[in-house]
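Residue numbers (the UniProt record's numbering): 1 to 168.
Think of the CB as a built atom: it goes at the ideal place given N, C-alpha and C, for glycine as much as any other residue.
Here the structure comes first, spelled out in structure tokens, and everything after it is commentary.
Here it is in structure tokens:
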């Protein structure tokens, strides 16, 4: 009797440990991101002839700087959203002998939106202009008109500059 209780409790414990390692549907899984986040806006700001410090300001520090290829910086980014398929992007920047940006290679293209690259075509142009460039007419007595009146009536105030410090 004592032996079966011990056997039953140990089997229950082993079963609970086995179930703890299983993944249940509906359980949240964390997105795993690694590397440098590179956006299309960053790539569009790069120009041939930029210095290394200018490129570093835009892109950040490279993930890989190879000792054998000192003129190349590699930016890698991978994400595995919620336990699904891992996606990886790569961008390599090449510098010339004068430490100026000479070219780039990888998954991004200058001036090409990621949507266009994925779809393979440009998005169809609509006949309506969704963003109007004309400012909307403000209604008399509205809050927007009051704020604009306050802004227009504001006068610049000179900022005092401190004098030289006297040293003994």
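- The residues 58, 59, in chain order, have a CB closer than 6 Å to that of residue 42 in the same chain once the five nearest residues on each side in sequence are set aside.
- Taking 8 Å as the upper bound for CB-CB distance, residue 108 and residue 38 are in contact here, some 7 Å apart.
- Of the candidates 12, 84, 85, 78, the residue whose Cα lies closest to the Cα of residue 91 is 78.
- Here the alpha carbon of residue 31 sits roughly 11 Å from the alpha carbon of residue 85.
- Residue 64 sits away from residue 71, with the two beta carbons spaced by 7 Å or more.
- Residue environment analysis places residue 104 among the buried positions, since at least 16 neighbouring C-beta atoms fall within 10 angstroms of its C-beta.
- Secondary structure of residue 17 (DSSP, three-state): helix.
- The three-state reading of DSSP puts residue 31 in coil, since its state is none of H, G, I, E or B.
- Note that the C-beta distance between residue 55 and residue 101 is below 7 Å.
- Going by DSSP, residue 94 is part of the beta strand (DSSP E) stretching over 87 to 95.
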